[in-house]
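In my numbering, the protein residues as written are 3 to 135.
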């Protein structure tokens, strides 16, 4: 993903919907740990100033399905500074887009709030094109 877009959750299947599945590697598997550490390192390079302990796990671990378009609001908000800087948009505007694209729990009670990263990135492009006009 380019720095100008919100990163979604990593895929265990390289975003191949035909092969949707999670990884069989458990949290004690050295290959799994190496992969997660590489994702942490990459995130920190692209998001300077963010402490390792502040990175939401969902940004460095794949979902059970291997394909998940949603993030928690916290996982989206931690990326706002990077995107605002790269796009030349005010942090407040990018934060507003995250909030506008946050869906509450199903029926108000089931599950957590979530942000669909694809919809958010489309809204971000639309905001950028409106700004350019």
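Glycine included, C-beta positions come from ideal geometry on N, C-alpha and C.
Model, not experiment: these values are computed from the prediction.
Taken through DSSP and simplified to helix, strand or coil, residue 5 comes out as coil. Judged by DSSP in its simplified three-state form, residue 91 adopts coil rather than helix or strand. From the listed residues 40, 84 and 73, the smallest Cα separation to residue 11 is found for 73. Look at residue 126 here: in three-state DSSP terms it is helix. The beta carbon of residue 105 sits closer than 8 Å to the beta carbons of 115, 116, 117 and 118 from its chain, once the five residues preceding and following it are set aside; these are given in chain order. Within the model, the alpha-carbon separation for residue 58 versus residue 45 is close to 11 Å. Judged by DSSP secondary structure, residue 111 falls outside any alpha helix (DSSP H); it is assigned neither H nor E. Taking the CA atoms as reference points, residue 123 sits about 33 Å from residue 32. Looking from the CA of residue 78, the closest CA among 130, 28 and 126 belongs to 126. In the DSSP assignment, residue 104 forms a beta bridge with 117. Cβ contact annotation for residue 121 (same chain, cutoff 6 Å, sequence separation greater than five): 103, in chain order. For residue 36, the uninterrupted alpha helix (DSSP H) run begins and ends at 32 to 48, by DSSP. With a threshold of 16 other beta carbon atoms within 10 Å, residue 64 meets it and is buried.
Within the same chain, Cβ atoms closer than 8 Å to the Cβ of residue 91 are found at 85, 129, 130 and 133, the five residues on either side in sequence being excluded.
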